[in-house]
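In what follows, a structure is listed as structure tokens, so that the remarks can point back to it.
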Amino acid sequence: MRLSRYFLPVLRDVPKEAEIASHRLMLRAGMIRQQASGLYSWLPMGYKVLMKVQKIIEEEQNRSGAVQLLMPTIQSADLWRESGRYDAYGKEMLRIEDRHEREFLYGPTNEEMITDIFRTYVKSYKDLPLNLYHIQWKFRDEVRPRFGTMRSREFLMKDAYSFDLDEAAAVKAFQRMFVAYLRTFRRMGLVGIPMRADTGPIGGDLSYEFHVLADTGESGVFLDKDLLDKPVPPADTDFRGDLDPIFKDWTSLFAATDEMTDEAAFRAAVPEDKQLMARGIEVGHIFYFGTKYSAPMKANVTGPDGKDITVHMGSYGIGPTRVVPAIIEAMHDENGIIWPVSVAPFEAVLINLKAGDADTDAACDKLYAELTAAGLDMLYDDRDQPAGSKFATADLVGIPYQIILGPRGLKSGEVEIKHRKTGERETLPLANAVERLKGLIEPQRMNDI
RNA sequence: CGGAGUAUAGCGCAGCCUGGUAGCGCACCUGCUUCGGGAGCAGGGGGUCGAGUGUUCGAAUCACUCUACUCCGACCA
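Count along the first sequence starting at 1, add 1053, and that's the number in our numbering.
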């Protein structure tokens, strides 16, 4: 993508409403624009990151055996009356009336709707286990939206719903999502730490939140440091096999939010040199809640003995529109964002130091074509701007690698590659640039870790 | 929902107290010179001063009402 033809409205000044780093940087890097309290447009650069995050989530959901579909944002109130939540949900739910004065709502979650779909089509125990998920916009009329898209009213959520014959099978479904989540966050360059959690208003028995450590996190968390370095289950993990050892391995180490434990309990349970008290951003939440919705909504299947069985359900959420700022909170410096390659809006930016100079333009155009042909997701800064301005923009928006070419390098046949994360620079022959950059980037895509 | 605050050009701000031609920096446009860390000079464009009502010869400025947004506290992917 040629930057001169792209839409990247970076800001030099910091908008005053932004309090935390990720919000400031998302505004400055031209990723989002606030349209009203808790409502955001995703500008091209931001949207591109969001789509990469979404793609990783989809790949890992699919890998674990979940099946993607798409449900509408607007739901009928009648469905929510069946579960009793229409009245229970309160003001957080945005209620809407259509022209015929029928009652609707903008979905804050989809348990009722997915249960309705399930009960309509699935009639036999032979069709289980089943896990259906979608990625769709949700609306929760938060009392106080804040921190940009970290806590917005309209937000994107991946929500998966599992259906099983009994609790033992449902726990297996829960563990599949548990493993999928470990891999999902890792692939985004994050350490997503599972923590025992309160089941809250959704109710149920078994619940883990996944947290990313960041100073600006909204939750206080207590954990065993060993969790930070734990390798996640590999891509060839057998999701149809027994995941209990993995689950036990991860959950045997202490990790809980301050809602579930206190410092004294933590101190007593964890050796002193392993204790870590920090703050965390909740980026995912998984629940097992049994027959809470299936019973009132009559989601039954026929068992082997011909009798009805009420299915056991779980729900599993990740908020991509929260994950994006969480990644920024975890990875930035005073110059801007530092994207991991796997979710970076572009993998590298080619900086033409003297746009308008015929020789430099020709060399850069050629290099850009070669880099693109090599399968790299490239941004090409071909604007007629001072070098310093281009470097500052590249640093701010956080592209992992800058490949820098100007008249000086052209004369000596050399280009420079700057690593955004470390600040390290290397000079190499122009002819080697494509292979070198490919070699740096490809292993970091983490498609099959 | 309680408490505090803000609203003037795309962004950041001054002007308001003490009413009298709406300003600064960045960004934008034109020209020339620059060109390896947010360039320089010269010229230029852009505003219902959040909205309404009132006071006044005259309101960004004073008064009242409303709205939007932000921050601090209890809930949530």
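For glycine and all other residues, C-beta sits at the position ideal for the given N, C-alpha and C.
1. Can you have a look at Pro1095 and say buried or exposed, based on whether 16 or more other CB atoms are within 10 angstroms of its CB?
2. Going by DSSP, what residue range makes up the alpha helix (DSSP H) through His1076?
3. If you drop the 5 nearest sequence neighbours on each side, which residues of the same chain put their C-beta closer than 6 Å to that of Gly1256?
4. What's the call for Tyr1159, buried or exposed, on a 16-neighbour Cβ count within 10 Å?
5. Whole-angstrom Cβ separation of Val1364 and Ser1347, contact assumed at under 8 Å?
6. To the nearest angstrom, how far is it from the Cα of Thr1425 to the Cα of Asp1268?
7. Bridge partners of Asp1140, per DSSP?
8. Please identify the residue among Leu1132, Arg1155, Ala1119, Leu1147 whose C-alpha is closest to the C-alpha of Arg1172.
9. Applying the criterion that 16 or more other CB atoms from any shown protein chain within 10 Å of the CB defines a buried residue, is Gly1245 buried or exposed?
10. Is Ile1390 closer than 8 Å to Ile1381 when the C-beta atoms are compared?
11. Is Lys1301 helix, strand or coil when you go by DSSP?
12. For Thr1211, list the residues DSSP reports as bridge partners.
13. Taking the continuous alpha helix (DSSP H) assigned at Tyr1341, which residues delimit it?
14. Can Leu1406 and Ala1440 be called in contact, C-beta distance under 8 Å?
15. So, with DSSP's three-state summary, where would you put Ile1380?
16. Could you spell out the range, first to last residue, of the beta strand (DSSP E) harbouring Phe1238?
17. Could you say which of Thr1202, Gly1356, Lys1474 lies nearest to Ala1071 if we only look at CA atoms?
18. Run through DSSP, which three-state label would Asp1437 get?
19. Going by DSSP, which residues form a beta bridge with Ile1457?
20. When the Cα of Asp1412 is compared with those of Pro1460, Ala1445, Val1377, Ala1089, which residue comes out closest?
21. Between the Cα of Val1487 and the Cα atoms of Val1274, Ala1318, Leu1458, which residue gives the shortest distance?
22. Per the DSSP calculation, Ser1272 is bridged to which residue(s)?
23. The alpha helix (DSSP H) with Met1115 in it runs from where to where?
24. If I measure Cβ to Cβ from Met1230 and keep anything under 6 Å in the same chain, skipping five residues before and after, which residues do I get?
25. Name the two residues that bound the continuous alpha helix (DSSP H) containing Arg1172.
26. How would you call Gly1455, buried or exposed, if buried means at least 16 neighbouring beta carbons within 10 angstroms?
27. Tell me which same chain residues have a C-beta within less than 6 Å of the C-beta of Gly1409, skipping the five on either side of it?
28. When DSSP builds the beta bridges, which residues end up paired with Ser1260?
29. From Thr1480 to Cys1417, what does the alpha carbon distance come to, in whole angstroms?
30. For Phe1216, which three-state DSSP category applies?
31. So what does DSSP say about Thr1480, is it helix, strand or coil?
32. Which value, in whole angstroms, describes the spacing of the CA atoms of Val1376 and Phe1208?
33. Distance, Cα to Cα, Phe1238 vs Asn1388?
In this structure, then:
1. Within the first sequence, the letter at position 42 stands for residue 1095. Looking at the sequence itself, residue 1095 is Trp, so the reference to Pro does not match. Counting Cβ neighbours within 10 Å, Trp1095 comes out buried, since at least 16 surround it.
2. As a first step, residue 1076 is located in the first sequence; it is residue number 23 there, counting from the start. Run containing His1076: 1074 to 1081, per the alpha helix (DSSP H) assignment.
3. Along the first sequence, one-based indexing puts residue 1256 at 203. With a pLDDT of only 49 at Gly1256, under the threshold of 50, the placement of this residue in the model should not be trusted, and no figure is reported.
4. Taking the first sequence and counting its residues from 1, the one referred to as residue 1159 is at position 106. With 16 or more other Cβ atoms within 10 Å, it is buried.
5. Here residue 1364 refers to the residue found at position 311 of the first sequence. Here residue 1347 refers to the residue found at position 294 of the first sequence. By a beta-carbon distance limit of 8 Å, Val1364 contacts Ser1347. Their separation comes to about 5 Å.
6. As a working mapping, residue 1425 is identified with position 372 in the first sequence. As a working mapping, residue 1268 is identified with position 215 in the first sequence. Rounded to whole angstroms, Thr1425 to Asp1268 spans 38 Å at the Cα level.
7. By one-based count along the first sequence, residue 1140 stands at place 87. DSSP, once it has assigned bridges, lists no residue as partnering Asp1140.
8. Here residue 1172 is taken as the residue at index 119 of the first sequence, counted from 1. The closest CA to that of Arg1172, considering only Leu1132, Arg1155, Ala1119, Leu1147, is found on Leu1132.
9. Here residue 1245 corresponds to residue number 192 of the first sequence, with the count starting at 1. With 16 or more other Cβ atoms within 10 Å, it is buried.
10. Taking the first sequence and counting its residues from 1, the one referred to as residue 1381 is at position 328. Taking the first sequence and counting its residues from 1, the one referred to as residue 1390 is at position 337. A Cβ-Cβ contact shorter than 8 Å links Ile1381 with Ile1390.
11. For the purposes of this step, residue 1301 is taken as residue 248 along the first sequence, with counting starting at 1. Assignment of Lys1301 by DSSP, reduced to helix, strand and coil, places it in the helix class.
12. Counted from its first residue, the first sequence places residue 1211 at position 158. Residue identity differs from the one stated: residue 1211 is Lys in this sequence, not Thr. Ile1188, Ile1371, per the DSSP bridge assignment.
13. Against the first sequence, residue 1341 aligns to sequence position 288. Here Tyr1341 belongs to no alpha helix (DSSP H); instead the beta strand (DSSP E) covers 1328 to 1343.
14. What you label residue 1406 is simply residue 353 of the first sequence in a count that begins at 1. What you label residue 1440 is simply residue 387 of the first sequence in a count that begins at 1. In contact: Leu1406 and Ala1440 (Cβ atoms closer than 8 Å).
15. As a working note, residue 1380 is residue 327 in the first sequence. Assigned with DSSP and collapsed to three states, Ile1380 falls in helix.
16. For the purposes of this step, residue 1238 is taken as residue 185 along the first sequence, with counting starting at 1. Where Phe1238 is concerned, there is no enclosing beta strand (DSSP E), although the alpha helix (DSSP H) it sits in stretches over 1220 to 1240.
17. Against the first sequence, residue 1071 aligns to sequence position 18. Of Thr1202, Gly1356, Lys1474, the residue nearest in Cα terms is Thr1202.
18. As a working mapping, residue 1437 is identified with position 384 in the first sequence. Three-state result, Asp1437: coil.
19. Residue mapping note: residue 1457 aligns to position 404 of the first sequence, counting from 1. Ile1457 pairs with Ile1404, Glu1469.
20. Residue numbering aside, residue 1412 sits at position 359 when the first sequence is read from its first letter. Ranking the options by Cα distance to Asp1412, first place goes to Pro1460.
21. Walking along the first sequence from the start, residue 1487 turns up at place 434. Taking only the C-alpha atoms, the option nearest Val1487 is Leu1458.
22. Counting from 1 along the first sequence, the entry for residue 1272 is found at position 219. In the DSSP output, where bridge partners are listed per residue, Ser1272 has Gly1333.
23. For the purposes of this step, residue 1115 is taken as the residue at position 62 of the first sequence. It is Asn, not Met, that sits at residue 1115 in the sequence shown. Looking at the DSSP string, the run of the alpha helix (DSSP H) that includes Asn1115 is 1097 to 1116.
24. As a working mapping, residue 1230 is identified with position 177 in the first sequence. Non-local C-beta neighbours of Met1230 in its own chain, meaning closer than 6 Å and more than five positions away in sequence, comprise Ile1339, Tyr1369, ordered along the chain.
25. For this step, residue 1172 is matched to residue 119 along the first sequence. Unbroken alpha helix (DSSP H) run through Arg1172: 1164 to 1174.
26. Translated into the one-based positions of the first sequence, residue 1455 becomes position 402. Position check: residue 1455 holds Gln in this sequence, whereas Gly was assumed. Counting Cβ neighbours within 10 Å, Gln1455 comes out buried, since at least 16 surround it.
27. Position 356 of the first sequence, counting from 1, holds the residue named residue 1409. Result list for Gly1409: Asp1437, in chain order.
28. The residue labelled residue 1260 in the question sits at position 207 within the first sequence. The partner list for Ser1260 (beta bridge, DSSP) reads Phe1340.
29. Translated into the one-based positions of the first sequence, residue 1480 becomes position 427. Translated into the one-based positions of the first sequence, residue 1417 becomes position 364. The C-alpha of Thr1480 lies about 16 Å from the C-alpha of Cys1417.
30. Reading the first sequence from its first residue, position 163 is the one you call residue 1216. Here Phe1216 carries a strand assignment [DSSP, helix/strand/coil].
31. Translated into the one-based positions of the first sequence, residue 1480 becomes position 427. In the three-state DSSP reduction, Thr1480 falls in the strand class (E or B).
32. The residue labelled residue 1376 in the question sits at position 323 within the first sequence. The residue labelled residue 1208 in the question sits at position 155 within the first sequence. The alpha-carbon atoms of Val1376 and Phe1208 are separated by roughly 11 Å.
33. Looking up residue 1238 in the first sequence gives position 185. Looking up residue 1388 in the first sequence gives position 335. Each residue's alpha carbon lies about 25 Å from the other.
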